[in-house]
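Structure first, then comments.
There are 4 protein chains.
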Amino acid sequence: MGEAYRWNWLIEWGTPSSAHMYAVKKHIFQGRSEFQEIQVLEYEDLGKALVLDGKTQSAIIDEFVYHEALVHPAMLLHGSPEKVLILGGGEGATAREVLRFKAVKRVVMVDIDPVVIEVAKKYLPEWHQGSFDDPRLELIIGDGLKYVMEEGETFDVIIADLADPIEAGPAYKLYVKEFYEAVKKRLRPGGVFVTQATSPTLMPYTFGVIYNTIRSVFAHASYYMVYVKSFDSMWGFVLASDDKDPEELNRVNIDERLAQLVEGENRFYDSTGHRWMFSIPKHIRTEVEGVKEIATMDNPVFTPA
Amino acid sequence: MGEAYRWNWLIEWGTPSSAHMYAVKKHIFQGRSEFQEIQVLEYEDLGKALVLDGKTQSAIIDEFVYHEALVHPAMLLHGSPEKVLILGGGEGATAREVLRFKAVKRVVMVDIDPVVIEVAKKYLPEWHQGSFDDPRLELIIGDGLKYVMEEGETFDVIIADLADPIEAGPAYKLYVKEFYEAVKKRLRPGGVFVTQATSPTLMPYTFGVIYNTIRSVFAHASYYMVYVKSFDSMWGFVLASDDKDPEELNRVNIDERLAQLVEGENRFYDSTGHRWMFSIPKHIRTEVEGVKEIATMDNPVFTPA
Amino acid sequence: MGEAYRWNWLIEWGTPSSAHMYAVKKHIFQGRSEFQEIQVLEYEDLGKALVLDGKTQSAIIDEFVYHEALVHPAMLLHGSPEKVLILGGGEGATAREVLRFKAVKRVVMVDIDPVVIEVAKKYLPEWHQGSFDDPRLELIIGDGLKYVMEEGETFDVIIADLADPIEAGPAYKLYVKEFYEAVKKRLRPGGVFVTQATSPTLMPYTFGVIYNTIRSVFAHASYYMVYVKSFDSMWGFVLASDDKDPEELNRVNIDERLAQLVEGENRFYDSTGHRWMFSIPKHIRTEVEGVKEIATMDNPVFTPA
Amino acid sequence: MGEAYRWNWLIEWGTPSSAHMYAVKKHIFQGRSEFQEIQVLEYEDLGKALVLDGKTQSAIIDEFVYHEALVHPAMLLHGSPEKVLILGGGEGATAREVLRFKAVKRVVMVDIDPVVIEVAKKYLPEWHQGSFDDPRLELIIGDGLKYVMEEGETFDVIIADLADPIEAGPAYKLYVKEFYEAVKKRLRPGGVFVTQATSPTLMPYTFGVIYNTIRSVFAHASYYMVYVKSFDSMWGFVLASDDKDPEELNRVNIDERLAQLVEGENRFYDSTGHRWMFSIPKHIRTEVEGVKEIATMDNPVFTPA
C-alpha cells in the first residue's frame, strides 16, 4: 500500500453514528488526571492539538479563531475591563487574549485540573505565550463552580471556557440557572458574562437550553457562532449582561474599538468577523430559539449521547 | 455490546489523513454509471442523501441551505431572470429553486449522467419536487462543457452545479479560464454567472484559484460561503458578471426583493443569511486572496489528493 | 486520493476495543426481519457474504471450511446417518453437506427466520446448491428450542448451526444444559450431536462454558477448531454422543471413510484437515479446559459485550 | 455515549480493502529510526505490543506462540545446536527461546535497527527476559544481508526473524534465492534454516513464492503455520536443510525431545502443537503449492499492496 495509509488515528465521536477520523503523526503527551485523559497530539492535517477525553479542544492552526471569538466581543462590550475572571481555559490562550487588553489590571483564572495546566505550560507555548508568567494573572487550581458560588471578589468580565456539559463529567453544573445567578452576583456594575455554549449546529437543543437559561437570568443575552475548522463544525457562544445590550456592538465600529483597546492585531476578529458571527441564519435561529427548556441543578442539560 | 455499535459505515475521505464516518441505516440504491458510483443512502444522523463516488452531495436535512445559497443571490442580482441555464444539478433541486422565480420562462438543464437523473427522479422526490415535469424545463443529457463551448442560445443566469474538479474526473475542465470565457459568451446583457467552487476552508488553494480565474474573465466577481452541516464544513461559491456588481446586493433589502421575485418562502436565505454568506472572516480572506494562480485547460486546478 | 480509498465499509466489532473493517463493493440485499438485520454484501476481499446484525456469517471464499467442519466429523462418527436434524443453518449449506452423505434419507431443518431462508434461496445459490429442493429435506420455519423440547421424531445426527449466544438475542437458550438434555432425548441409539460453539480464541470463556455444559450431559464430548479466514479467527465446535467417542475418529482413515460415505470430494476436510482440527494447542487447551462453569436457563452464558 | 467509545486507534491495514482496528490504551513509546516508525503500545485487548510501521510485530498475550513456533522445530530438527545465528529478532524473544536450549554455546544476532534494540531493552523486558545480557549472545547492529553474503563463521541453525518483504522496505532482499544460497554456505554440516515467511492465508502467493524459492535451494523444505491471535490470522514458516528432512520430526516424540534439550517448559509448542502446525489443510496446500514462481534479486516477491 502507498504511504498514504495512515495507522495512528484519533476517532472523535460526535454521536454513536458519526465521527471524525484524524491521522496522528506524533503522540506528544498522554496522561490521565483525576478528571480526564489528557493528550497532546500532532495531527497530520491540523498540527499540534490538545485533546481531552478524545475531544479536540483546540489545534494550533486555528485556536485563535475560537479564543478571539470567546474573549473579544465580551471585552469590547464592556469597554474598559480592568478585572476579569476566567473559568477553565487551561491552555492559557483565553488568558493570552484577555491580557492583550490594555485596561486589564487583574485576571483570576480558576481551572480544576492541575495536570492540564502543567501540560499546557510545557507543551503548548504557542497557546499561552507566557500568559502564566504575567504578573496580572492569578491562577487558582480549584472548582470554578465552588469559587463562583462563594461570596468574593467581583469582576468586569467573566469568561467561562469550560468542557462541554457531558453527562459523565462535572462540567454540566456550570451550565445551569443557579450557576448563572451566582455569576451575576460576581459581576461589577456594567459587567459582562460570556460562555462557550457547545455547537448550535451539532447539538442545537443543548445550545438552545443554555441560551434560554442565560436569557432567564440576565436582562440582555445574545448568541453568536463561528466556524472552527479543527472542530469541523460551527461553534457557539452566549454573551450576556444586565447593563449592556450585546446588540450595541452591531452599531459600533469594531475595527476602531479594537485599535483603541487591544495590543497587537487580531488574526480573525474584526468588523467583518463580528458581522459574520452575529448573523445567525434563519434555519439555525428557528432551531435554537424553538427551545423552551431551562437547565437547573435538578434538571441539567447534557450534550447528546 | 450495546446497540450503539453501528456496523454499516460510509467513510468520506477529506484527505488521506482525515475522514468523516457516517453510520448508514439503509442502502436505498447503489449503481455504477459510466461516470461514477451512485448511491442513495439513509444516514442515521443526516437522513436520506445522494452520494457520488463516496462523497455526500446533499442530504435531506439541509440540501435547502446549499441550493438556496447557490441559486438565489445570482437570481436576485440579475433582478428579472427569464432564461436560465443549469450545468449539472442532477438532483433537480437547483432547478426547483430556479423555477420558484416568477420571471423564469425557460430553464435549460444539461447533465452528463442519465443514471443520476433517473435515480433522482425515483428516489429524491423531496429534492426535485416535480421540477423535471415543469413545462418550462428542458433537460439535456450531455456534456456541459461541449454545450457551452458551442454557439447557441444565451441566458440571463448561468448556474454551474458541478462535481468538484478531481483529478480523476472530467469536471475539472469546467473550472478553467477557457470554460468561463465560453460561459460569458452565453450570457445575455446584464447576465450573471454563479458556480459552486469547493470549500474555502478545506481546500483554500483550489477555491482561491477558481475565484481568481473567474475574476480574470468577468468585470465583477465576489465569493461567498455557507456552512453545510451534511458536509461538516464551509462551502463556497463565486458570483460574477460583466454588468452587475455583486456588492450591490449588500445594499438592497434582500427580504423585500425575495418577496417580490420568489414564490413561497425560503428556509435559509434571507437578509441575515445573505449578510452571513458575504461576510468572509479575515483569516479566510487572507488565504483565498493570497492565491495568484489561474486555471487553464493546459494547467487546471484540482482538489487536493 | 488514489482509487485505493474505499468508502463503503462494514465494521465488524469483536469487542468495544477491536474490530475488523471490510470494504464493501456491492450491497446486494438489505432487510430487517423480526429477528435481525439481514444483509447480502459483496466484500472487495472476501466476495459475497451473508451478514446478520453486522456479523459475517459466511463468505463465498471459504464457507466450505466452516460447513464441512461442522457437518462431516459428526456424520463420520455416526457412520450411517439416515435421519438428520439441522437447527438453524439458514444459508442451506449445512443441509447441502448433510445431503451429500449417501445414507441420508431424511433431513429436518428448523430455522426461526423465514426472511433469511428467502434471502438464501434467492441470493445464495452457491451456498445451498439446490438443497432446498431436495425431496429428502423438510424445512420447518419455527423455534428450534421449542421443536426440540417437544416430544417427537428422533435422529441419528443433530446439528446446531445457530447464531452466537448474544445477550440481546434469543439464541442463547440453545446453549444451555436443559436444551442439550432435550437434544439427547431426540437422538436415536448411536446418535451424535454437534454444535458450533463460538471462537475458542476470541472468547475462550464462552466456548469453555459451552464445552463444559455439553460434557456434563453426554458421556463423550470433544471440541475442535478451524481457522476461518472470513472470520479472521479460529472457530470452534463441540461433538458429543452417549454411545460413540469422538476420539475414535483419530484412529480411523478419514480419507477412506469419506470416500465410502460421501458423494463428491471435499474441499477442506480430509485426514490432514481432521488432524489439524483436533490438535488443540496447549495454551488454548489450558484456557478452555480451565473453565468450570455450566450454562443453564437460569444462568446462561453469553458472548462478551 | 457510553465509556465504551474508544478514541485512540491503531488501524492495521491488511489490504486497501480490509483492516483491523485496535483501541490503544496507552502510547508507551513512539519514535522514528532510519528504517521505520517504532511504537510500543498498550492495546486495550492485547496488552503491550511492538508496532513497526503500523504493523503489530508481537503482543504480550501471545508472543510466545510466534517465538516458540519460529525457534523450536528448527532446533529440535538439528538435535544438538551449539552455534545459532539470528537475523532480525529485535525484541530479543527469539534469542530468549534459542538460549533456553542447553546445547547452545554461542548466538550471533544481527539486527539492522539500533533503535528497535534500545526500545526492546527498555520497554519489552517480558520479551527478552535478559537475553541481551547473556554472555553467549553477541549482538551486531548491521545489515543481515551483508553479514550473510560475506564469508565468515558457520552455524548449526540460522533463524530469519525479519520484517515482511514490503516493496518500500529493504527486507525483501532477504527473501530471494541469492540470499538463501548465501545462508546455506553459512550452515555447518547438519545445519538447519528457518524463516518466518508471511501468512499462508492472507497472502498465499507471497508465502508460496518464499516456500518455492527455499525449496529450490535446499534438499529438504517444509512449511508450517500457527494461528497468532494478535495478528488475527495464521502465520507461516519455512524450515529447510540439506541434511535433515523436517518430516522426521513427525515421527519423533516432541515432548520427550523438548524435555531433553530445553530448560523450562514451553507454553505453546509440544507434541500436539507440532502436529497442529504441520497439518496443513487441503485448501491451503492447494493455494501454496500451486505457486510456481521463485524470487530472485532481480525479480523479488513482495507482500500485496
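Residue numbers (our numbering), protein chains in the order written: chain S, 1 to 305; chain H, 306 to 610; chain F, 611 to 915; chain V, 916 to 1220. From the three backbone atoms N, C-alpha and C, an ideal C-beta is built for every residue, glycine too.
1. Alpha carbon to alpha carbon, how far is F:Glu707 from H:Asn313?
2. Can you give me the C-alpha to C-alpha distance between S:Pro170 and F:Ile727, rounded to a whole angstrom?
3. Closer than 9 Å, CB to CB, is F:Lys892 near chain V or not?
4. What are the residues that DSSP puts in a beta bridge with V:Leu961?
5. Report the residues of the region 636-649 of chain F with a CB closer than 7 Å to any CB of chain H, ordered along the chain.
6. Any residues in the region 557-589 of chain H with a beta carbon nearer than 7 Å to a beta carbon of chain A? Which ones, in chain order?
7. Using alpha carbons as the reference points, say which of S:Asn250, S:Glu42 and S:Leu76 lies closest to S:Ile60.
8. Verify the CB distance criterion: does S:Arg44 have a CB-CB separation below 9 Å to chain V?
9. Alpha carbon to alpha carbon, how far is F:Asp655 from V:Pro1219?
10. Could you tell me which chain V residues have their CB closer than 8 Å to the CB of F:His630, listed as they occur along the chain?
11. Please list, in chain order, all residues of the same chain as V:Val1091 whose beta carbon is under 6 Å from its beta carbon, the five residues on each side excluded.
12. Using a Cβ-Cβ cutoff of 8 Å, what residues of the region 167-189 of chain S are near chain V? List them in chain order.
13. Helix, strand or coil: which one does DSSP assign to V:Gly1105?
14. Which of the three DSSP states, helix, strand or coil, is assigned to H:Leu450?
15. Measuring only the C-alpha atoms, how far is H:Leu479 from H:Val453?
16. Would you be able to state if there are at least three C-beta pairs under 8 Å between the region 940-948 of chain V and the region 634-652 of chain F?
17. Could you compute how far the alpha carbon of F:Leu812 sits from the alpha carbon of F:Gly624?
18. Taking CB distances under 9 Å as the criterion, tell me whether V:Ala919 reaches chain F.
19. Going residue by residue through the region 404-461 of chain H, where are the continuous beta strand (DSSP E) segments of at least 3 residues, counting only ones entirely within it?
20. Within 10 angstroms of its Cβ, does V:Lys1020 collect 16 or more other Cβ (buried), or is it exposed?
21. Return the CA-CA distance between V:Gly917 and F:His637, expressed in angstroms with no decimal places.
22. Please tell me whether F:Glu678 and F:Asn822 are closer than 9 Å, where the distance is taken between their beta carbons.
23. Note down the Cα distance separating F:Lys665 from S:Ile158, rounded to an integer number of angstroms.
24. Candidates S:Asp134, S:His20 and S:Ile214: which alpha carbon is nearest S:Phe237's?
25. At a Cβ cut of 7 Å, what residues of the region 526-554 of chain H count as close to chain S, listed as they run along the chain?
26. Who are the neighbours of F:Leu620 on chain H, taking C-beta pairs under 7 Å?
27. Starting from F:Thr811, find everything on chain V with Cβ-Cβ shorter than 8 Å and list it in chain order.
28. To the nearest angstrom, how far is the alpha carbon of F:Leu680 from that of F:Thr704?
29. Closer than 7 Å by beta-carbon distance: list the chain H residues that pair up with F:Gly664, in chain order.
30. Residues of chain S with a CB under 9 Å from the CB of H:Val370: which are they?
31. Along the alpha helix (DSSP H) that carries F:Ala684, what are the first and last residues, could you check?
32. For a quick check, are the C-beta atoms of F:Val836 and F:Tyr676 less than 9 Å apart?
33. Could you compute how far the alpha carbon of F:Asn863 sits from the alpha carbon of V:Val1023?
34. Could you say which of S:Ser18, S:Leu10, S:Ser17 and S:Pro246 lies nearest to S:Lys25 if we only look at CA atoms?
35. At least one CB of chain F closer than 9 Å to the CB of V:Gly1004: is that the case?
36. What's the call for S:Thr312, buried or exposed, on a 16-neighbour Cβ count within 10 Å?
Result, derived from the coordinates:
1. 31 Å
2. 51 Å
3. yes
4. According to DSSP, V:Leu961 bridges with nothing at all.
5. Lys636, His637 and Gln640
6. In summary, chain A is missing from the structure at hand, where the protein chains are S, H, F and V.
7. S:Glu42
8. Here the sequence assigns Glu to residue 44 of chain S, which means Arg is not the residue at that position. For S:Glu44, the answer is no, since every Cβ of chain V falls outside 9 Å of its Cβ.
9. 12 Å
10. Ser933, Ala934, His935, Met936 and Asp1147
11. Ala1210, Thr1211, Met1212 and Pro1215
12. Ala168
13. strand
14. helix
15. 10 Å
16. no
17. 8 Å
18. For V:Ala919, the predicted model reports a pLDDT of 48, less than 50, meaning its position is unreliable; a value from the coordinates is still stated below. V:Ala919 counts as touching chain F.
19. 411-416 and 442-446
20. exposed
21. Confidence at V:Gly917 is low in this model, with a pLDDT of 42, below 50, so its placement is unreliable and the value that follows should be read with caution. If you take the alpha carbons of V:Gly917 and F:His637, they lie about 30 Å apart.
22. no
23. 52 Å
24. S:Ile214
25. Tyr532, Lys534, Asp537, Ser538 and Met539
26. Trp312 and Asn313
27. Tyr1142 and Lys1144
28. 8 Å
29. Trp312
30. Pro281 and His283
31. Glu673 to His688
32. yes
33. 45 Å
34. S:Leu10
35. no
36. Residue 312 of chain S is absent from the model: chain S starts at 1 and stops at 305.
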